[in-house]
Amino acid sequence: MTMQEKGNISIHTENIFPIIKKFLYSDHEIFLRELVSNAVDASQKIKRLASIGEYAGELGALKVTVSFDKEAKTITISDAGLGMTADEIKKYINQIAFSGATEFVEKYKDKGDEKAIIGHFGLGFYSAFMVAERVDIISKSYQEGAEAVKWTCDGSTEFEISEATRDARGTDIILHVAEDSLEFLEEFKLKQILDKYCKFLPIEIEFQEKIINNPTPIWTKSPSELTDEDYLKFYEELYPFSEKPLFWIHLNVDYPFNLTGILYFPKVKNELQLQREKIQLYSRQVFITDEVKDIVPEFLMLLHGVIDSPDIPLNVSRSFLQADSNVKKINSYITKKVADKLAELFKADRKGFEEKFENIGLFVKYGMISDEKFYDRAKDYCLVQNVDGKYFTLNEYAEFAQENQKDKNDEVIYLYTSDVKGQDSFIQSAKKRGYDVLKLDSVLDSHFINQLETKLVKTNLKRVDADTIEKLIDKGLALDIVLSETEKETVKKVFEEVINDTTKVVALEAMPVDELPAVITQNEFMRRMSDMSRAGGGGGMGMFGTMPNNYIVSVNANHASVAKILQTTDAEEQKKLAKQVYDLALLSQNMLTGADLTAFIQRTALAL
Ligand SMILES: Nc1ncnc2c1ncn2[C@@H]1O[C@H](COP(=O)(O)OP(=O)(O)OP(=O)(O)O)[C@@H](O)[C@H]1O
1 MTMQEKGNIS
11 IHTENIFPII
21 KKFLYSDHEI
31 FLRELVSNAV
41 DASQKIKRLA
51 SIGEYAGELG
61 ALKVTVSFDK
71 EAKTITISDA
81 GLGMTADEIK
91 KYINQIAFSG
101 ATEFVEKYKD
111 KGDEKAIIGH
121 FGLGFYSAFM
131 VAERVDIISK
141 SYQEGAEAVK
151 WTCDGSTEFE
161 ISEATRDARG
171 TDIILHVAED
181 SLEFLEEFKL
191 KQILDKYCKF
201 LPIEIEFQEK
211 IINNPTPIWT
221 KSPSELTDED
231 YLKFYEELYP
241 FSEKPLFWIH
251 LNVDYPFNLT
261 GILYFPKVKN
271 ELQLQREKIQ
281 LYSRQVFITD
291 EVKDIVPEFL
301 MLLHGVIDSP
311 DIPLNVSRSF
321 LQADSNVKKI
331 NSYITKKVAD
341 KLAELFKADR
351 KGFEEKFENI
361 GLFVKYGMIS
371 DEKFYDRAKD
381 YCLVQNVDGK
391 YFTLNEYAEF
401 AQENQKDKND
411 EVIYLYTSDV
421 KGQDSFIQSA
431 KKRGYDVLKL
441 DSVLDSHFIN
451 QLETKLVKTN
461 LKRVDADTIE
471 KLIDKGLALD
481 IVLSETEKET
491 VKKVFEEVIN
501 DTTKVVALEA
511 MPVDELPAVI
521 TQNEFMRRMS
531 DMSRAGGGGG
541 MGMFGTMPNN
551 YIVSVNANHA
561 SVAKILQTTD
571 AEEQKKLAKQ
581 VYDLALLSQN
591 MLTGADLTAF
601 IQRTALAL
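Numbering of the sequence shown is given in full-length UniProt numbering, commencing with residue 1 and proceeding in unit increments.
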C-alpha cells in the first residue's frame, strides 16, 4: 500500500504560527522541554502497556536521545516509546496539539501579561514551531503490523502524511531549525536547556553520548529508604559548591492535592546570598520554574530544594494562581510542615536547636512577622538570646523578666541592644542594676520587636540607650537631686553653651554617683519613628522624612564633676569641665568624631 495524504489542519485562525511565535518570543527554549517530555511520556506509556500485558514485545532501552546536525540544521528528539499510527498522528497531532495551540492563542492574545504565562504554559508539540520552519514526525507504533509513517508540516495549516522507514518502535521528531533560531544548533545551548528542564526526567535522556539526567531523584523515593548522606548528596547536585544545609524536610502528600519535594534549610549568614539559590518547581519531574512566589509562602522563599506537583496549575497567569484553592492549600501545608519540623527539632534536641538558631532565627522571625498562623506555632520555640549568649524561649523570658524588670506601673520592660559593642556602656549600666539585656541586632529585629509588643501583655521593649537606666525601668524610687533650682539652671546653661546643638536637649538627672557624669540617649519612640521613616516603610510616616535624630544629654547631677563646675566661678574653667564631660559621653557611644575627637585626644595627651 502506498500512502500519501495531504490535508488541512482544522483550526480557525489562518496561520497561528506567527502569532504564537511572537507571543512566546522570550521563551523559545521551552520547545525542547515540551518535546522531550512528550518523548518521556511515550516511553512511560509503553512501559505501562507492557506491565499490564497489552504489549508483549521487548521493551529494550527506553532512553530518549536528543541530537543535532549543524549542517543539515536539524534537531532530533528520538524515543522508543509507544509510537503513533497515521490515524493517531492525525488525531493527536493535528487535532489535539493544534487545538491546544488555538485555544492558547484565543485565550491569551488580548491579555497584556504574557510574561506571566510564558514558561508556565506547556504548549506541547506545537511549541516546536517556535524554532523550526518545518517539523517532521517519523513514527512507528508498537501495535502489531504497524507501518512507519512520516508527517511533515511547515507550521501553516497544511500537513502531509506519507510512508516512511523506521525499524524500531518509537518516534523521531525532526526540527528543521528556522534561520532566526540557529542559536539552538549549538551544543552548549542545547546542553544548557536540557540541564535546566530535563535534569530529573524519569527516563534517561542521552545527549552527545552521555546521559544528562538523574531519572530517580530522591524526592520520588520514600524517606524510609533514604539516609542523611542521600539528602546531602542531592543538595550538592542541586546547588553545586554550596555550604551544607542545616536540615531538611521531605514533603509527601497525596490528598487533597499531590505534592512531593524536599525543602532544605540553608545556612543563612547574610542577606545578600539569599536569593541566589532558589526552590525549584517541578511537575512530574519536569522543571517548570524557580519563580515559586505564590506557591511557597514568602518567608519560606529563603529555603532551598524542590517541589514537585502535578496539581499546581502551570498554564495560567499569576493572578489566577493566587486565587487557586490548591495553591492556597499547598501554601498552608508547607507552612505547617516547616513549623512542625522546627517544633520537632526543638523538642528532640534543645541544645542543637540553640546552636542552629543563628541560622534558623531568620526564617522563624520572618515567618512570625508575616504569618499569624506561623506565629502561633512558632512562639513556643522561637528563641531570644541575651548579651551573655544565653537562649530563652519567649515564655521563659517572660517569666524571667517578670521577676525583676517590672516598673512602678506593673509593666514588664525587656531591655535590648541593637549593637552590643556600640552600646556597651549602657549594657554595663543595666547589668550593674541586675537587669538582663537581649541581643536583637539583625535586620529583621526591629519588625520582630514591634510584633512582640503587639503580642505580649503589659510588656514593653526598650533599647538600652533609649534613656538612663533609672528611667528605662522606672521603679518609682527616684534619687534626690542634691542641687538647688538655681544650681541646676547654672549647670544646664553651661552645658547648653558648650554643646551648642539644637538636636540635643540637656537635662539634669539624679543618678547614682558611680554612673557616668553624662549619658546621651535617644527616646525609644522617636528613634523608631525616624528609623521607620528612613527605611521608607511604615506607611504614612513620610512626614518624619526629614526628621533629624534628637538626643537627650542627661547630666548626672550627683556626679562629682557637677559639683566641681559649681565650685568655680571661672566661666572658662566651667566650660572646660562641661566639655570634657560631654565628650566622654559622646566617646562612650562612638559619637565623638572629627575635630572634636582630635581635640579630645590632644587635650588628654597633654594632661598625661
Ligand atoms: N513522541 C511522541 N510519541 C507518541 N505520542 C506523542 C509524542 N509526542 C506527542 N504525542 C501525542 O500527541 C499528543 C499531543 O501532544 P502535545 O504535546 O501537543 O500535548 P500533550 O502532551 O497532550 O499536552 P501538553 O500540552 O501538556 O504537552 C500527545 O498527547 C500524545 O498522544
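Backbone N, C-alpha and C fix where the C-beta goes; we use that ideal spot for every residue, glycine too.
Values in this document were obtained by computation on a predicted structure and should not be read as measured data.
Query                                                                                                               : Result
Stretch-stretch touch, CB-based, cutoff 8 Å, three pairs: the region 165-173 with the region 80-97                  : yes
Buried or exposed (CB count within 10 angstroms, at least 16 for buried), Thr454                                    : exposed
Reduced DSSP secondary structure (H/G/I, E/B, other) of Glu29                                                       : coil
Beta strand (DSSP E) runs wholly inside the region 236-303, at least 3 long, in chain order                         : 247-253, 259-265, 279-283, 286-289
Assigned secondary structure, Gly155 (DSSP; H/G/I helix, E/B strand, else coil)                                     : coil
C-alpha distance - Glu229 paired with Trp248, whole-angstrom precision                                              : 12 Å
Assigned exposure category for Arg463 - 16 Cβ within 10 Å defines buried                                            : buried
Any non-hydrogen atom of ligand 1 closer than 7 Å to Met84 Cβ                                                       : yes
Close beta carbons around Gln402, own chain, < 7 Å, minus the five adjacent residues each side                      : Val412
Near ligand 1: Asp79 beta-carbon under 7 Å from a heavy atom                                                        : yes
Through-space distance from Leu251 to Ser309, alpha-carbon basis                                                    : 11 Å
8 Å Cβ cutoff met for Ile211 and Ile205                                                                             : yes
Distance, Asp480 Cα to Leu246 Cα                                                                                    : 55 Å
Distance cut-off 7 Å: Glu54 Cβ against heavy atoms of ligand 1                                                      : no
Counted within 10 angstroms of its Cβ, other Cβ atoms place Asp583 as buried (16 or more) or exposed                : buried
Spatial neighbours of Ser588 in its chain, beta-carbon cut-off 7 Å, leaving aside the 5 residues before and after   : Ser425, Leu516
CB of Leu232 within 8 Å of CB of Leu302, strictly                                                                   : no
Candidates Pro512, Asp340, Glu133, Gly305: closest to Ser156 by CA position                                         : Glu133
Closest by C-alpha distance to Asp180, when choosing among Asn214, Val131, Trp151                                   : Val131
Beta-carbon proximity check, Ser484 vs Asp445, cutoff 8 Å                                                           : no
Distance between Asp154 and Ile117 (C-alpha atoms, nearest Å)                                                       : Because Ile117 sits at a pLDDT of 42, beneath the cut-off of 50, its placement in the model cannot be relied upon, and the point is left open.
Phe68 - partner residues in DSSP beta bridges                                                                       : Ile75
Closest residue to Cys198 among Lys70, Asp514, Glu34 (Cα-Cα distance)                                               : Glu34
Length at least 3, wholly inside the region 446-508: the beta strand (DSSP E) runs in chain order                   : 459-463
Opening and closing residue of the beta strand (DSSP E) in which Leu175 lies                                        : 170-177
8 Å contact criterion, which Gln405 and Asp465 should meet: CB distance rounded                                     : The Cβ separation is near 17 Å, so there is no contact.
Start and end residues, beta strand (DSSP E) containing Asn556                                                      : 551-556
Within 8 Å, strictly: CB atoms of Ser554 and Ala507                                                                 : yes
Nonlocal neighbours in the same chain, by C-beta distance under 6 Å from Phe234, ignoring five residues either side : Ile218
Proximal residues to Thr292 (C-beta, below 6 Å), its chain only, five neighbours per side dropped                   : In the sequence on display, residue 292 carries Val and not Thr. Within the same chain, Val292 has close Cβ partners Ile279, Leu281.
Segment contact, 8 Å Cβ cut-off, at least three pairs: the region 325-345 with the region 293-300                   : yes
Assigned exposure category for Glu58 - 16 Cβ within 10 Å defines buried                                             : exposed
Ser530 beta carbon less than 8 Å from that of Asn556                                                                : no
Element boundaries [alpha helix (DSSP H), containing Thr521]                                                        : Thr521 -> not in any alpha helix (DSSP H); beta strand (DSSP E) instead, spanning 518-521.
Spatial distance of Met541 from Arg527 (CA atoms)                                                                   : Unreliable placement is indicated for Met541, whose pLDDT of 46 sits below 50; no coordinate value is reported for it.
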